[in-house]
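Data first, discussion second: the structure below is written as structure tokens.
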Amino acid sequence: MANRSKIIRAANEACASSATLSESLPAPDPSSSAHFAICTFADISAADRAAIWALMCENMRDIYVHSSFGWDPPSKEAELFHPLSRFVLVRSLGGDREGAPAALLAFVHFRFEREEGQNVVYCYEIQVRTDARRAGVGKRLMAVLERVGRRWRMQKIMLTVFKVNSSARGFYAALGFEVDETSPEYVDSGEEEDGEDEDSAENYDYEILSKPIQ
0 MANRSKIIRA
10 ANEACASSAT
20 LSESLPAPDP
30 SSSAHFAICT
40 FADISAADRA
50 AIWALMCENM
60 RDIYVHSSFG
70 WDPPSKEAEL
80 FHPLSRFVLV
90 RSLGGDREGA
100 PAALLAFVHF
110 RFEREEGQNV
120 VYCYEIQVRT
130 DARRAGVGKR
140 LMAVLERVGR
150 RWRMQKIMLT
160 VFKVNSSARG
170 FYAALGFEVD
180 ETSPEYVDSG
190 EEEDGEDEDS
200 AENYDYEILS
210 KPIQ
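Position 83 (the sequence shown) corresponds to 82 in numbering that gives the first Met the number 0; numbering is contiguous.
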């Protein structure tokens, strides 16, 4: 266990700057206007921070409002911009119009963490702008995350998804994610013999998914 926690510590220390993480980015694609970049909490710009928060609110606010978590902006912002947070950003080269700054199309927010004795890349958020979907951006972002995990000896990628978010669940399933053993419904399914309500899993409006890193 000590050796494994050292792996997390080493990954966090080595990846304290975006330069170390950048080796996991995809090669530039001349046919695409999407530009990928990695940054840490320490070197994220104020403009990118504002754009990340705006996209997060646009995509997820309504889902959180109607969820068991509720919508708590200060708490969510603290989680998003935690000192150990890393981001993969996708920008539109040249911006939305000539002379405009490069617009944020999508991002992934992740951390290196220990979950149930395993070293994982935890994907806290993957958000894609509505007009940038169905173009492979999300798939490429998750591929970057997998390369990061492999490079730093993580065992799997984990994430939490709301059950009501059917498009996200379909996206993750297509990438090979399955319900993790730490997911509430997975745990509940093994506790029926202890007198637990067989329908208790229905009370959870989210599930935890994972994918092994090969």
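Just so it is clear, CB atoms sit at the ideal spot from N, CA and C, and this is done for glycine as well.
Check	Outcome
If we count Cβ pairs, one from each stretch, closer than 8 Å, do we get three or more for the region 102–109 versus the region 121–131?	yes
Hey, quick one: how far does the beta strand (DSSP E) through threonine 39 stretch, first residue to last?	33–39
To the nearest angstrom, how far is the alpha carbon of serine 17 from that of glutamate 177?	30 Å
Using a Cβ-Cβ cut-off of 8 Å, state whether isoleucine 7 counts as contacting chain C.	In the structure shown, chain C cannot be found, because there is only a single protein chain.
With a threshold of 8 Å on Cβ separation, who are the neighbours of serine 23 within its own chain once the five nearest residues in sequence on each side are excluded?	Ile37, Val143, Arg146, Val147 and Arg150
Indicate the three-state DSSP secondary structure (helix, strand or coil) for valine 147 in the structure shown.	helix
With DSSP as the reference, label asparagine 58 as helix, strand or coil.	helix
Hey, how far is the Cα of phenylalanine 161 from the Cα of aspartate 204?	6 Å
Between valine 87 and phenylalanine 170, is the Cβ-Cβ spacing less than 8 Å?	no
Using C-beta distances below 7 Å, list every residue in its chain close to serine 67, excluding the 5 sequence neighbours before and after it, in chain order.	Asp204
I need the DSSP call for proline 211, collapsed to helix, strand or coil.	strand
Reducing DSSP to helix, strand and coil, say where threonine 19 ends up.	helix
Using the DSSP secondary-structure output, state which residues sit across from leucine 140 in a beta bridge.	In the DSSP output, where bridge partners are listed per residue, leucine 140 has none listed.
Quick check: what's the CA-CA separation for proline 27 versus arginine 85?	21 Å
Measuring straight from C-alpha to C-alpha, what distance separates glycine 184 and arginine 168?	First, the residue type needs correcting, since residue 184 is glutamate and not glycine in the sequence shown. Going from the Cα of glutamate 184 to the Cα of arginine 168 covers about 15 Å.
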